[in-house]
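Take the sequence shown: its position 75, counting from 1, is numbered 130 in the working numbering, and each next residue is one higher.
Working notes for the structure below.
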Amino acid sequence: MQTKPAAILLIIITTLFTSIAQVLWKFGANKLQFTFLSIITNYQIWLGFLVYAVAALLLVLALKQGELSVLYPVIATSYLWVSLLSIYYFHETITTLKWAGILLILIGVTTIGFGSTEEAPA
């Protein structure tokens with residue numbers, strides 16, 4: 056099965072949604088007190104679950120249009136999105152070593168993507 060460009064776009068959108076869900080969970084966790092009322096009324100955690108559920112549906116739609124071995128590694132781009140969102144929302148510092156790791160992940164994802172266009176030997 057040839058992976059459609061729309062499937063790759065859906066996976067990238069999926070990673071954005073899962074990264075946003077992670078940020079929402081972090082906001083919710085920062086306010087969380089381990090009481091029943093605090094847990095059920097923490098809208099950021101619940102909103103994070105909702106956004107994550109939408110991401111799961113997008114993932115299923117993407118998988119219908121492409122190869123799992125090509126699409127699933129693209130999910131690793133979420134490391135980039137989470138890092139950027141963490142800098143913006145939580146004023147976290149990303150070290151040079153972490154940036155190097157993210158770059159290696161992106162190189163790996165790109166390599167896998169280009170490798171999918173080659174024909175397998177018969």
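Built from N, CA and C at the ideal position, the CB exists for glycine as well.
Across the set Ile95, Val129, Ser141, the C-alpha of Val129 shows the shortest separation from the C-alpha of Ile162. Spanning the alpha carbons of Ile66 and Trp154 requires a straight line of approximately 22 Å. Setting aside the 5 residues that flank it on each side, Phe82 is surrounded in the same chain by Gln99, each with a C-beta closer than 7 Å to its C-beta; the list follows chain order. Contact check for Ala76 against Val115 fails: the beta carbons are separated by 9 Å or more. Per DSSP, reduced to three states, the secondary structure at Lys59 is coil, with no helix or strand assignment.
Take the alpha-carbon of Leu123 and the one of Ile160: they are about 17 Å apart.
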